[in-house]
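S.K.: Numbering (the numbering used here), first residue to last: 0 to 841.
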């Protein structure tokens, strides 16, 4: 077989597998290093390179290592949070294709994305990397991303299956979720994408799901993913998530990444030769895994062969368009767009040093970087004393919007603290300008892969700056740079709020264009912004240390707020425009298996703009509990002034069904139903009564549903006893393993009460910094310390870059337990937890 990626038939693959030795088969089921599969030169089997990530290609300069900070430059597109706010499948498909082209140019055959986990909680540390709190938005945009990437010949890796929706203790925590919520919400995006876009690989998550590690769950990977959904690609583990291939391969994990070397291969071969128990590694399972890896290699290893150099200038322009399309105008009293000739005070260090991407494995070294300050100066001009000349930025022409710009830092970009002098200067500059633009947001240390946030607040001096500026100038515009919802205590006192999310390398020029009216704010929220974190039901539910209980069941995000009738700051689907739209009367066509809704949208304003028609379904049936309404369709139209477009939304039987856990099948509800067409979940334009297509079957007898789920409210909450009735079983214990009984799923931070535990944590922290190539910066070291404290013993072979193999890790675990049982503890001074240092308001 050549490296050109010529396709092989099933017969070819079977013949090739038959020629492999046991050692070669075992080797193919793990990485040769952190990023490549094993090559078999004697049979002409090349290595396949995998690489991050979802909003930009990250290829470490060291080639085979796990460095997150020293990689080859690539276009940094807007993160999934911003792309999700675009509600634009065509645009996301374009971004996917550009990512595929850059991946091929970097020699990468499989790109690790998209992430379609749901934003179950607004404090999720990795929310910036996911599209939405809603499964439909996540499913359709995720499918478009996969289609775009795979059209270039590069494979996608759909991640992270399943229920890896928060970062806290993700390496070993047990996600306890009822079957309806799992099927209707958390598995739904994966199912849609597998069935429609056929991703080359699916990535199994770190966490446990209802007691089983995802990489070892035969029910999930073989029963649901392969047998039910028809997935025929490769299941790859998240990096370090597979502990023992002799267990994970029979469950359905084909490729365990990264590789741990020949010693680990030897252990797997011994299991193959001696273990004949049910669920153990037999030759059939090994051959099937090796065959799937071979098919992946033949299909995608050739994508990089002869790949042309990508047009990075065009990709930067695409990144700018995507950032503008995902920018959400949350409120506006008429101050935006800024009028021609206005003087503009730009205040806030993030205007000059933007937060434009998330932290963690998705970190990209950009090919260039536009800042909001430079972009505004280029378009508007500078005034005396503004400091620095105008710098032309992509997408914003020099002098395109005459006026004057003056800048004040407002706060220190490194510490996010504001001195009294900085605040006074900000007030003075704001008072002298026609419009004040304040740029605030979440520092990188506030939201990062590996840890969750503790609250939704901005740094305290960011809030102080907004209060200072709006007191000096009522025409204050707040621009946000953040990857997830934040509390906005001053929102009723400012003229406008623009949510820029993490807009990628061209986010600064995109924001400038939106502020000046050279581009429209095309985004709509794909998540709910509560007034306060305390208002969110998950703020009052247990999250660790051993389990995370999804007690809210179907009431995720807007489903809960709309069902409970709770006020929010900004509702799901919300977003304002610079123009106006009129909607015609909807027309419904009912077929045997689907319902089609058509509605004509007309731009009645004076500017081009886009409108997102959102279709929500209310099920009035008493057959089972349902949220007040659920998103079942959406369509986006971009129209010039005076133009019209008829949008079509189609609902199949599945949209009218619920997962019946007693029958283990989808159950068509009898209704009655109400279709609600709206601009958001709370701005409904049309309501129409409708019946479901087809005849509902008689359901299997459901159990009585507790009141907390039939009529959810803040007062009722979701009691433990009610959730256990929903589950049909008792909840597992939610306590950390005590000293002397540590397990492979014990977090290293849980052992800080012992001297040996503290020594181990320090050693692993140092090794992790080395492995990740972390720069010598206090903030980076503190963030790494938080992540390391949550690592479990299962992760030690990966984070030590193979220095600790499985055998040594098990030996070390035994030593730690022995020392703990012997009571060999040294007095220690209690240290402040890093979580408080990061989560505190600075």
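Glycine residues also receive a C-beta, built at the ideal position from the N, C-alpha and C atoms.
1. Whose CA, out of 284, 459, 349, 304, lies closest to the CA of residue 16?
2. Hey, how far is the Cα of residue 389 from the Cα of residue 352?
3. Look up residue 153 in the DSSP assignment and say whether it is helix, strand or coil.
4. Identify the residues that DSSP records as bridge partners of residue 597: which are they?
5. Return the CA-CA distance between residue 649 and residue 336, expressed in angstroms with no decimal places.
6. What residues in its chain sit with their C-beta under 7 angstroms from that of residue 617, if we drop five residues either side in the sequence?
7. Could you please give me the residues that DSSP links to residue 27 through a beta bridge?
8. Could you give the residue range of the alpha helix (DSSP H) that holds residue 83?
9. Could you spell out where the beta strand (DSSP E) holding residue 443 opens and where it closes?
10. Quick one: grab the DSSP three-state call for residue 546.
11. For the alpha helix (DSSP H) that residue 810 lies in, which residues bound it at each end?
12. Write down every uninterrupted run of the beta strand (DSSP E) in the region 399–441 whose length is 3 residues or greater and which is fully enclosed by it, in chain order.
13. Is residue 192 helix, strand or coil by DSSP?
14. Got a sec, what are the start and stop residues for the alpha helix (DSSP H) residue 297 sits in?
15. So what does DSSP say about residue 559, is it helix, strand or coil?
16. Under DSSP, the alpha helix (DSSP H) around residue 708 begins and ends at which residues?
17. Once you ignore the five residues that flank residue 366 on each side, which residues in its own chain have a CB closer than 6 angstroms to its CB?
18. Only counting the same chain, and skipping five residues up and downstream in sequence, which positions put a Cβ closer than 6 angstroms to that of residue 58?
19. Quick check on residue 13: does DSSP put it in helix, strand or coil?
20. Quick one: residues in its chain with C-beta nearer than 8 angstroms to the C-beta of residue 473, no 5 flanking neighbours on either side, listed in chain order?
21. Between the beta-carbon of residue 113 and the beta-carbon of residue 47, is there less than 8 angstroms?
22. Along the chain, where does the beta strand (DSSP E) containing residue 88 start, and where does it finish?
23. State buried or exposed for residue 843, treating a residue as buried only when at least 16 other CB atoms are found within 10 Å of its CB.
24. Give the straight-line distance between the Cα atoms of residue 134 and residue 819, rounded to the nearest whole angstrom.
25. Could you say which of 641, 117, 182 lies nearest to residue 159 if we only look at CA atoms?
26. What span of residues does the alpha helix (DSSP H) with residue 247 cover, start to end?
27. According to DSSP, simplified to helix, strand and coil, what is residue 656?
28. Round the Cβ separation of residue 630 and residue 613 to the nearest angstrom and send it over; I've been treating them as touching at under 8 angstroms.
29. Can you tell me which of the three DSSP states residue 467 falls into?
30. Where are the alpha helix (DSSP H) runs, 4 residues long or more, that stay fully inside the region 341–368, in chain order?
31. Can you give me the C-alpha to C-alpha distance between residue 266 and residue 786, rounded to a whole angstrom?
32. What are the boundary residues of the alpha helix (DSSP H) that includes residue 495?
33. Decide if the region 458–468 is in contact with the region 317–335; the criterion is three or more beta carbon pairs, one per stretch, under 8 angstroms apart.
34. According to DSSP, simplified to helix, strand and coil, what is residue 316?
35. Taking only runs of the alpha helix (DSSP H) that begin and end inside the region 727–805, which ones reach a length of at least 4 residues, in chain order?
36. Over the uninterrupted alpha helix (DSSP H) stretch that includes residue 167, give me the two end residues.
M.R.: Put simply:
1. Ranking 284, 459, 349, 304 by Cα distance to residue 16 puts 284 first.
2. Low local confidence applies: a pLDDT of 32 at residue 389 is under 50, so the model's placement there is unreliable, and no value is given.
3. Residue 153 falls in the coil class under three-state DSSP.
4. 586, 647.
5. Taking C-alpha positions only, residue 649 is separated from residue 336 by approximately 35 angstroms.
6. Around residue 617, the same chain offers 627, 628, 672, 673, 675 as residues with beta carbons nearer than 7 angstroms, after the five sequence neighbours per side are excluded.
7. Paired residues: none, contrary to the question.
8. Start and end: 79–85.
9. Segment: none, residue 443 is in no beta strand (DSSP E) and carries neither H nor E.
10. Correct three-state label for residue 546: strand.
11. In the DSSP assignment, residue 810 falls within the unbroken alpha helix (DSSP H) covering 805–820.
12. For the region 399–441, the full-length beta strand (DSSP E) segments reaching 3 residues or more read 403–407, 434–440 along the chain.
13. Looking at residue 192 - three-state DSSP - the assignment turns out to be helix.
14. Segment 282–299, the alpha helix (DSSP H) holding residue 297.
15. Reduced to three states, the DSSP call for residue 559 is helix.
16. Residue 708: member of the alpha helix (DSSP H) spanning 706–709, first to last residue.
17. Correct list, in chain order: 72, 74, 311.
18. Spatial neighbours of residue 58 in its own chain (CB-CB distance under 6 angstroms, excluding positions within 5 residues in sequence) are listed in chain order as 50, 70, 71, 105.
19. In the three-state reduction of the DSSP assignment, residue 13 falls in the helix class, which pools H, G and I.
20. Correct list, in chain order: 494.
21. No.
22. Segment 88–104 is the alpha helix (DSSP H) holding residue 88; no beta strand (DSSP E) there.
23. The displayed coordinates of the chain run from 0 to 841. Any statement about residue 843 would go beyond what the structure contains.
24. The C-alpha of residue 819 is placed about 45 angstroms away from the C-alpha of residue 134.
25. Of the residues 641, 117, 182, the one whose Cα lies closest to the Cα of residue 159 is 117.
26. Start and end: 244–250.
27. Reduced to three states, the DSSP call for residue 656 is strand.
28. Sure, about 6 angstroms apart at Cβ, within 8 angstroms.
29. Looking at residue 467 - three-state DSSP - the assignment turns out to be helix.
30. For the region 341–368, not a single whole alpha helix (DSSP H) run of length 4 or above is found.
31. Going by the C-alpha atoms only, they are around 29 angstroms apart.
32. Annotation: residue 495 is outside any alpha helix (DSSP H); the continuous beta strand (DSSP E) that includes it extends over 495–498.
33. No, the region 458–468 is not in contact with the region 317–335.
34. Helix at residue 316.
35. Runs of the alpha helix (DSSP H) spanning 4 or more residues and lying entirely within the region 727–805 occur at 754–771, 777–789, 795–798, in chain order.
36. Where residue 167 is concerned, there is no enclosing alpha helix (DSSP H), given that its DSSP letter is neither H nor E.
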